[in-house]
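Undergrad:
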Amino acid sequence: MLSVTDLHARYGRIPILNGIRLEVAAGEFVGVLGHNGMGKTTLLKALMGFVPAQRGRILFDGVDVTHEPPYARARRGLGYVPQGREIFPGLSVRDNLRMGFVGRGTEERVDAILQMFPRLIPLLDRRGGTLSGGEQQLLAIARCLAGHPKVILFDEPTEGIQPSIIEELVAVLRRLHRTEALTIVLVEQNLEFIAELAQRVLLIQKGAILRELEPEELRQAGVLSEFVGV
Amino acid sequence: MDLAAVLTFEILNGVATLVLISVGLAIIFGMMRVINLAHGEFLMLGGYAAIVATNHGVNIWVAMLLVAPLVVGVIGVIAERLIIRVLYGRMIDTLLATWGLSLFFIGIVTTIFGNTVAGIGAPLGSLGVGRYTISLYRLVLIGIAAAILAVIFVALRRTRLGLIARGTMENPNMAAALGVSPPRVYATTFGVGAALTGLAGGLLAPISGVLPTVGAAYVAKAFITVISGGTAILAGTAAASSLFGSINQLLTYFTTPVIGEAGLLAAAILLLRALPHGITGKLFRGSL
Chain A
5 MLSVTDLHAR
15 YGRIPILNGI
25 RLEVAAGEFV
35 GVLGHNGMGK
45 TTLLKALMGF
55 VPAQRGRILF
65 DGVDVTHEPP
75 YARARRGLGY
85 VPQGREIFPG
95 LSVRDNLRMG
105 FVGRGTEERV
115 DAILQMFPRL
125 IPLLDRRGGT
135 LSGGEQQLLA
145 IARCLAGHPK
155 VILFDEPTEG
165 IQPSIIEELV
175 AVLRRLHRTE
185 ALTIVLVEQN
195 LEFIAELAQR
205 VLLIQKGAIL
215 RELEPEELRQ
225 AGVLSEFVGV
Chain B
5 MDLAAVLTFE
15 ILNGVATLVL
25 ISVGLAIIFG
35 MMRVINLAHG
45 EFLMLGGYAA
55 IVATNHGVNI
65 WVAMLLVAPL
75 VVGVIGVIAE
85 RLIIRVLYGR
95 MIDTLLATWG
105 LSLFFIGIVT
115 TIFGNTVAGI
125 GAPLGSLGVG
135 RYTISLYRLV
145 LIGIAAAILA
155 VIFVALRRTR
165 LGLIARGTME
175 NPNMAAALGV
185 SPPRVYATTF
195 GVGAALTGLA
205 GGLLAPISGV
215 LPTVGAAYVA
225 KAFITVISGG
235 TAILAGTAAA
245 SSLFGSINQL
255 LTYFTTPVIG
265 EAGLLAAAIL
275 LLRALPHGIT
285 GKLFRGSL
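Line by line, the protein sequences give chains A and B. Going by my numbering, the first sequence opens with residue 5, and the numbers climb by one from there. Going by my numbering, the second sequence opens with residue 5, and the numbers climb by one from there.
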């Protein structure tokens with residue numbers, strides 16, 4: 005579904021990604037773990053096309069998208085839930101959801117999406133910017149789903165979210181993966197969250213995939229202190 | 005009673021004129037944060053387009069309402085594609101580039117038409133109000149200005165394209181991540197803003213006449229209105245136009261046009277001193 009070969013990217017003169025190799029099969033749930041500044045967020049931005057690839061190749065669903073702009077990748081079915089949610093603050097919750105499908109030209113399915121996120125129903129007419137962090141995170145996921153993505157890239161969805169909502173997020177992501185058969189790439193620092201959900205975990209260090217772990221290994225203190233710094 | 009009716013008409017006429025000359029700028033500056041110093045020249049080009057079309061036998065209403073916005077809209081899209089597009093986020097560079105564009109338009113129009121006033125006769129006649137008469141054409145302009153605001157409101161609030169435009173202006177990267185092409189939205193928005201400015205130029209041509217440098221007479225008032233209006237494109241433009249149009253017309257009626265213009269400027273200075281973020285930075289917050 006997603007195949008990344010020798011991906012290099014940089015901010016100005018500072019190299020951030022140094023030869024990333026990544027294979028994600030259809031229906032897989034892959035976690036990416038690493039220190040701050042190791043390139044996790046940049047990896048997702050490069051996959052979406054927000055950071056240009058200096059070298060390497062990104063294949064999505066068999067098509068080379070390495071030099072396509074973000075909107076073209078989104079239309080192919082690459083979904084993105086960014087760090088910080090990036091809700092449209094001046095648009096209502098309903099319009100935030102509608103933005104999820106109008107850009108991709110898919111059919112309107114706000115009602116269907118809301119069945120998965122009943123917490124958003126009473127908030128439909130409120131502005132996105134007035135929602136709590138947790139509500140915004142649910143809205144960001146719902147908005148992404150509105151466009152029928154084949155793969156969703158999640159960037160630290162638990163950041164700044166209260167524990168009760170994190171439990172809801174776990175349930176939502178698990179349902180998306182199992183019931184909707186979505187392919188998911190999750191970048192996280194919350195070890196419990198990633199261990200709970202991911203089928204395999206990739207450790208990223210200095211812009212390269214250093215090692216692949218089973219989720220159970222995340223609970224081994226030695227591994228974590230060596231590679232993640234916890 | 006007659007005087008009150010005529011004064012009301014004059015005030016509405018002043019408000020409508022400000023709405024017409026400002027609304028295109030409000031869209032381009034308000035939604036895209038592009039300071040278009042060629043705004044006055046877009047008005048001028050709309051005026052010439054209407055005049056040339058009318059002189060070539062096109063019906064005057066078709067010339068003003070269709071030809072002028074179409075010509076300037078196309079020029080706007082070309083300018084966005086060739087110049088503005090590479091300067092997004094670089095406000096000073098955009099300012100200089102659009103200034104250059106305005107000089108280019110003035111130069112080329114002067115070369116073609118000469119530095120003389122061109123004009124067309126205002127359609128429709130006049131209406132008697134007691135001892136006074138008012139221009140029916142100006143009455144129509146008031147209706148057109150109101151209709152433009154209403155159409156923009158409905159387009160932004162109720163249509164798919166309006167939603168895409170609002171979302172893209174709030175967060176272009178996120179819009180792109182949802183499949184929206186920001187370059188296409190920018191080109192469309194700039195084109196629509198330019199077309200509305202051309203429409204205003206066409207509609208005002210029968211009243212004020214047109215010459216290559218006429219843009220300078222409009223651009224300052226348009227910027228004052230848009231900046232004083234604040235972040236909300238429609239509510240800001242309507243509120244600032246109402247305030248400044250009323251002050252300008254009342255002072256003009258009771259004193260002279262020069263004092264009317266000075267009063268408008270003084271009101272803008274006082275307003276921005278009291279409300280640095282414009283009217284909609286304090287009032288009508290959250291409106292379009």
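Note that beta-carbon positions come from the ideal geometry of N, C-alpha and C, so glycine has one too. None of the values given here were measured: they were computed from a predicted structure.
Strictly under 8 Å for the Cβ-Cβ distance: is VAL34 (chain A) near chain B by that measure?
TA: To locate residue 34 (chain A), count along the first sequence from 1; it is residue 30. Not closer than 8 Å to any Cβ of chain B, the Cβ of VAL34 (chain A) fails to qualify, so no.
Undergrad: Taking one C-beta from the stretch 60-70 of chain A and one from the stretch 139-149 of chain B each time, how about it: are there three or more such pairs within less than 8 Å?
TA: Output reads no: the stretch 139-149 of chain B does not touch the stretch 60-70 of chain A.
Undergrad: Does any C-beta atom of chain A lie closer than 8 Å to the C-beta of ARG164 (chain B)?
TA: As a working mapping, residue 164 (chain B) is identified with position 160 in the second sequence. Output row for ARG164 (chain B): interface = yes.
Undergrad: Would you mind working out which of B:ALA30, B:GLY118, B:LEU207 and B:PRO176 sits nearest TRP65 (chain B), comparing C-alpha positions?
TA: Numbered from its first residue, the second sequence carries residue 65 (chain B) at position 61. Residue B:LEU207 is the option with its Cα nearest to TRP65 (chain B).
Undergrad: Cβ atoms of THR201 (chain B) and GLY18 (chain B): under 8 Å apart, would you say?
TA: Counting from one through the second sequence, the residue named residue 18 (chain B) turns up at place 14. Counting from one through the second sequence, the residue named residue 201 (chain B) turns up at place 197. No, the pair does not count as a contact, with Cβ atoms beyond the cut-off.
Undergrad: Give the interface partners of TYR75 (chain A) over in chain B, defined as CB-CB distance under 7 Å, in chain order.
TA: Sequence index remark: in the first sequence, residue 75 (chain A) carries index 71 (1-based). The answer, in chain order, is ALA180, GLY183, VAL184 and SER185.
Undergrad: Taking only runs of the alpha helix (DSSP H) that begin and end inside the stretch 105-177 of chain A, which ones reach a length of at least 4 residues, in chain order?
TA: Whole alpha helix (DSSP H) segments, 4+ residues: 114-120 and 137-150.
Undergrad: Specify the secondary structure class of LEU292 (chain B) as computed by DSSP and reduced to three states.
TA: On the second sequence, residue 292 (chain B) is found 288 positions in, with the first residue counted as 1. Looking at LEU292 (chain B) - three-state DSSP - the assignment turns out to be coil, as it is neither helix nor strand.
Undergrad: Bridge partners for PHE33 (chain A) per DSSP, in chain order?
TA: Walking along the first sequence from the start, residue 33 (chain A) turns up at place 29. Its beta-bridge partners are A:ILE188.
Undergrad: Does VAL234 (chain A) come out as helix, strand or coil in the three-state DSSP assignment?
TA: For the purposes of this step, residue 234 (chain A) is taken as the residue at position 230 of the first sequence. Below a pLDDT of 50, predicted positions are generally treated as unreliable, and VAL234 (chain A), at 49, falls in that range; no measurement from the model is reported.
Undergrad: Using a Cβ-Cβ distance cut-off of 8 Å, determine whether GLU90 (chain A) contacts chain B.
TA: Taking the first sequence and counting its residues from 1, one reaches residue 90 (chain A) at position 86. Output row for GLU90 (chain A): interface = yes.
Undergrad: For SER232 (chain B), count neighbouring Cβ atoms within 10 angstroms of its own Cβ and tell me buried if that reaches 16, exposed if not.
TA: Your numbering for residue 232 (chain B) matches position 228 in the second sequence. So SER232 (chain B) ends up on the buried side.
Undergrad: Residues of chain A with CB closer than 8 Å to the CB of ARG170 (chain B), please, in chain order.
TA: Counted from its first residue, the second sequence places residue 170 (chain B) at position 166. The answer, in chain order, is PHE92, GLY94, LEU95 and ASP99.
Undergrad: Can you name the start and end residues of the alpha helix (DSSP H) that ILE31 (chain B) belongs to?
TA: In the second sequence, residue 31 (chain B) corresponds to position 27, counting from 1. 6-36 is the span of the alpha helix (DSSP H), which, as asked, contains ILE31 (chain B).
Undergrad: Alpha carbon to alpha carbon, how far is VAL85 (chain A) from ILE165 (chain A)? Give it in angstroms, no decimals.
TA: Position 161 of the first sequence, counting from 1, holds the residue named residue 165 (chain A). Position 81 of the first sequence, counting from 1, holds the residue named residue 85 (chain A). If you take the alpha carbons of ILE165 (chain A) and VAL85 (chain A), they lie about 15 Å apart.
Undergrad: Given 8 Å as the limit, is there contact between the stretch 239-246 of chain B and the stretch 99-114 of chain B, that is, 3 or more CB pairs closer than that?
TA: No contact exists between the stretch 239-246 of chain B and the stretch 99-114 of chain B.
Undergrad: Between PHE64 (chain A) and ALA30 (chain A), what straight-line distance do the alpha-carbon atoms span, to the nearest angstrom?
TA: Counting from one through the first sequence, the residue named residue 64 (chain A) turns up at place 60. Counting from one through the first sequence, the residue named residue 30 (chain A) turns up at place 26. Those two C-alpha atoms are separated by around 11 Å.
Undergrad: Going by other Cβ atoms of all chains shown within 10 Å of its Cβ, with 16 needed for buried, is PRO161 (chain A) buried or exposed?
TA: By one-based count along the first sequence, residue 161 (chain A) stands at place 157. PRO161 (chain A) is buried by the Cβ-count criterion.
Undergrad: Taking the alpha-carbon positions, what's the ALA50 (chain A) to PRO56 (chain A) distance?
TA: Walking along the first sequence from the start, residue 50 (chain A) turns up at place 46. Walking along the first sequence from the start, residue 56 (chain A) turns up at place 52. Cα to Cα, the separation comes out at about 6 Å.
Undergrad: With 8 Å as the threshold, decide whether the Cβ of PHE158 (chain A) is near any Cβ in chain B.
TA: Along the first sequence, read from residue 1 onward, the residue named residue 158 (chain A) stands at position 154. By this cut-off, PHE158 (chain A) is not an interface position.
Undergrad: From TYR136 (chain B) to LEU24 (chain B), what does the alpha carbon distance come to, in whole angstroms?
TA: The residue given as residue 136 (chain B) occupies position 132 in the second sequence. The residue given as residue 24 (chain B) occupies position 20 in the second sequence. Distance between the alpha carbons of TYR136 (chain B) and LEU24 (chain B) is about 25 Å.
Undergrad: How about GLY195 (chain B) and VAL81 (chain B): do their beta carbons lie closer than 8 Å?
TA: Counting from one through the second sequence, the residue named residue 195 (chain B) turns up at place 191. Counting from one through the second sequence, the residue named residue 81 (chain B) turns up at place 77. Yes, the pair counts as a contact, with Cβ atoms nearer than the cut-off.
Undergrad: Quick check on ALA78 (chain A) - is its C-beta less than 8 Å from some C-beta in chain B?
TA: To locate residue 78 (chain A), count along the first sequence from 1; it is residue 74. Chain B, which has a Cβ nearer than 8 Å to the Cβ of ALA78 (chain A), makes this yes.
Undergrad: Measuring straight from C-alpha to C-alpha, what distance separates HIS152 (chain A) and LEU186 (chain A)?
TA: Position 148 of the first sequence holds residue 152 (chain A). Position 182 of the first sequence holds residue 186 (chain A). Near 10 Å, if we compare the C-alpha coordinates of LEU186 (chain A) and HIS152 (chain A).
Undergrad: Is the shortest distance between the beta-carbon of LEU255 (chain B) and the beta-carbons of chain A less than 8 Å?
TA: Residue mapping note: residue 255 (chain B) aligns to position 251 of the second sequence, counting from 1. No - not a single Cβ of chain A is within 8 Å of the one on LEU255 (chain B).
Undergrad: Looking at LEU101 (chain A): is its Cβ nearer than 8 Å to the Cβ of ARG147 (chain A)?
TA: Along the first sequence, one-based indexing puts residue 101 (chain A) at 97. Along the first sequence, one-based indexing puts residue 147 (chain A) at 143. Result yes, Cβ atoms of LEU101 (chain A) and ARG147 (chain A) sit closer than 8 Å.
Undergrad: Find the nearest neighbour of GLN193 (chain A) within the set A:ALA150, A:MET42, A:LEU128 and A:VAL28, judged by alpha-carbon distance.
TA: Within the first sequence, numbered from 1, the residue matching residue 193 (chain A) stands at position 189. Comparing Cα positions, the closest option is A:MET42.
Undergrad: Using 8 Å as the limit for Cβ to Cβ distance, is LEU215 (chain B) near chain A?
TA: Here residue 215 (chain B) refers to the residue found at position 211 when the second sequence is read from its first residue. False, the Cβ-Cβ gap to chain A never drops below 8 Å.
Undergrad: Can you check whether the CB of GLY38 (chain A) is closer than 8 Å to the CB of ILE170 (chain A)?
TA: Within the first sequence, the letter at position 166 stands for residue 170 (chain A). Within the first sequence, the letter at position 34 stands for residue 38 (chain A). It is not a contact, given that the beta carbons lie outside the stated cut-off.
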